[in-house]
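Engineer: Okay, handing you the structure first.
There are 2 protein chains.
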Amino acid sequence: MSDVKKAVILLSGGLDSATVLAIARDLGYACYCLSFVYGQRHDGEVGYAKNIAAQLGASEHRIATIDLATFGGSALTDRDIAVPAYGGSEIDIPITYVPARNTIFLSYALAWAEVLGALDVFIGVNAVDYSGYPDCRPEFVTAFESMANLATRRGVEGERLTIHTPLIHHSKAEIIRLGLDKGLDYAETVSCYQLSADGLACGMCDSCGLRRAGFLEAGVDDPTQYVQGGF
Amino acid sequence: MSDVKKAVILLSGGLDSATVLAIARDLGYACYCLSFVYGQRHDGEVGYAKNIAAQLGASEHRIATIDLATFGGSALTDRDIAVPAYGGSEIDIPITYVPARNTIFLSYALAWAEVLGALDVFIGVNAVDYSGYPDCRPEFVTAFESMANLATRRGVEGERLTIHTPLIHHSKAEIIRLGLDKGLDYAETVSCYQLSADGLACGMCDSCGLRRAGFLEAGVDDPTQYVQGGF
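Protein chains in written order, with our numbering: chain W, 18 to 248; chain L, 18 to 248.
In structure tokens form, the structure reads like this:
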């Protein structure tokens, strides 16, 4: 048995998941990063994920190609549904919600964790400055963890898998300060739902809006490169 | 609103899931069948699933291509691990267990159900004559259902999704009798872990063994076509 504990880190290429990777690394985990090409219109984020994983010394980075666009139902995977502009605080679940996305991502993480012998999975969900997605809430993560421990060989054998959500109660500004303290360069991350072909953020969608507001509140420069006219 | 309720049916092409489809159809559901090409060595089963879905009048049949072989760890997805012979009753979880497979399959079913507006998902898991997989147990399914109702828009809005497991407490012989009563032709199904290129069952693996024993116990002819030397 190696002394280094392995963890699976869900890494999108965005601000939150990059911060989570830095946190897991600083906790001493060997980090196995997992990204998805799932039919998202902003699949350019995966290129950012690749760079971040390399820069932060991930033990491995896998990119799984899975088809969520087949099912549609979201502005992020259906080109016929427009990405709405940033609206500040929405109460309803917005059209950018991808049905069961985090459930599917965590299920793949669970599969890989079991094969790796990892008992720790990290995900950058956040229930403060977030888009109101049901699968970002603490009660969802707790329920997933309970299910996961009944789903797998290791669970049956009495080992417990933990789903870590180190950002769940942080504001976006707090997350940014945390990452900067760990030496993260947020210019290497991207949070836009409709990245331009050359990897620039739109500066208009909900995700850009939340990110932008976070930098403003943290009182640090926003290093994001926006398309002309974005912010 | 249509009066016909929609259900998502996980359909492998095997004996159990075909029986589940017949049950859901007879309950009056419009059946949306979902199959997976996931890197399984017996992906010929998907052709059987196609025929069954058509014969039983499914409203739609989708085949999602997803990559579970990437993670390995199972004789069903890793060609370097041999499929073991039927051993009667194993206590340990066998090497044919695919890490988190049912979790992943149910997560996709959840995504599709949400887009369809379906509140019912059917899966043919069985905890009697089964291979000892952790994700076939009632406690796993119950935990998945709880999680699913926290994961989705419909759950947040107060609608409850149900995961139906009509076979979970039936013996293989009971399942076969149930399907025959519903007019199922089991020659159109296949349960083998290592189907031959021309779609014949090996007659040696755990899944063939359980199926064979079921027909014997039910006292009906086994219509399965085996390779020469199998049974």
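Ideal Cβ positions, reconstructed from N, Cα and C, are used throughout, including at glycine.
Computed from a predicted model, the values in this text were never measured in an experiment.
How about W/Ala334: is its C-beta nearer than 8 Å to some C-beta of chain L?
Structural biologist: A query on residue 334 of chain W cannot be resolved here, the shown segment of chain W reaching from 18 to 248 and no further.
Engineer: Could you spell out the range, first to last residue, of the alpha helix (DSSP H) harbouring W/Phe157?
Structural biologist: Under the DSSP assignment, W/Phe157 falls in the alpha helix (DSSP H) whose first and last residues are 155-168.
Engineer: Return yes when the C-beta of W/Ile185 is under 7 Å from any heavy atom of the ligand COA, and no when it is not.
Structural biologist: This structure lacks the ligand COA, and indeed carries no ligand of any kind.
Engineer: Using the Cα positions of L/Asp198 and W/Val158, report the straight-line distance between them to the nearest angstrom.
Structural biologist: 42 Å
Engineer: With distances taken between CB atoms, is the gap from L/Leu38 to L/Ile69 smaller than 8 Å?
Structural biologist: L/Leu38 is a Cβ neighbour of L/Ile69, given a cutoff of 8 Å.
Engineer: Taking the alpha carbon of W/Asp43 as the point to measure from, which residue in W/Gly196, W/Val145, W/Ala160, W/Leu85 has its own alpha carbon closest?
Structural biologist: W/Gly196
Engineer: Based on the DSSP secondary-structure assignment, which residues constitute the bridge partners of L/Cys25?
Structural biologist: Rather than Cys, the amino acid found at residue 25 of chain L in this sequence is Val. For L/Val25, which the question treats as bridged, DSSP gives the partners L/Tyr49, L/Val138.
Engineer: Using a Cβ-Cβ cut-off of 6 Å (strictly less than) and excluding sequence neighbours within five positions of L/Gly236, which residues of its own chain qualify?
Structural biologist: none
Engineer: Check whether chain W comes within 8 Å of L/Asp84, counting only Cβ atoms and requiring the distance to be less than that.
Structural biologist: True, the Cβ-Cβ gap to chain W drops below 8 Å.
Engineer: At a Cβ threshold of 8 Å, is L/Leu127 touching chain W?
Structural biologist: yes
Engineer: First and last residue of the alpha helix (DSSP H) that includes L/Ile121?
Structural biologist: 118-133
Engineer: L/Phe88 touches chain W at which residues, Cβ-Cβ below 7 Å?
Structural biologist: Ala128, Trp129, Val132
Engineer: Can W/Ile192 and W/Phe232 be called in contact, C-beta distance under 8 Å?
Structural biologist: No, the pair does not count as a contact, with Cβ atoms beyond the cut-off.
Engineer: Is L/Ala214 buried or exposed, if buried means 16 or more other CB atoms sit within 10 Å of its CB?
Structural biologist: exposed
Engineer: If we require 3 or more residues per run, which beta strand (DSSP E) segments fall completely within the segment 59-105 of chain L?
Structural biologist: 77-82
Engineer: Spatial neighbours of L/Ile112 within its chain, please: CB distance less than 7 Å, with the 5 preceding and 5 following residues excluded, ordered by chain position.
Structural biologist: Ser91, Ala92, Ile98, Pro101
Engineer: Per DSSP, W/Ala218 forms a beta bridge with which residues?
Structural biologist: Residue pairing by DSSP places W/Ala218 opposite W/Tyr243 in a beta bridge.
Engineer: Report yes if the C-beta distance between L/Ala126 and L/Val25 is below 8 Å; otherwise report no.
Structural biologist: L/Val25 sits close to L/Ala126, with the two beta carbons spaced by under 8 Å.
Engineer: State the start and end residues of the unbroken beta strand (DSSP E) segment that holds L/Thr179.
Structural biologist: 179-181
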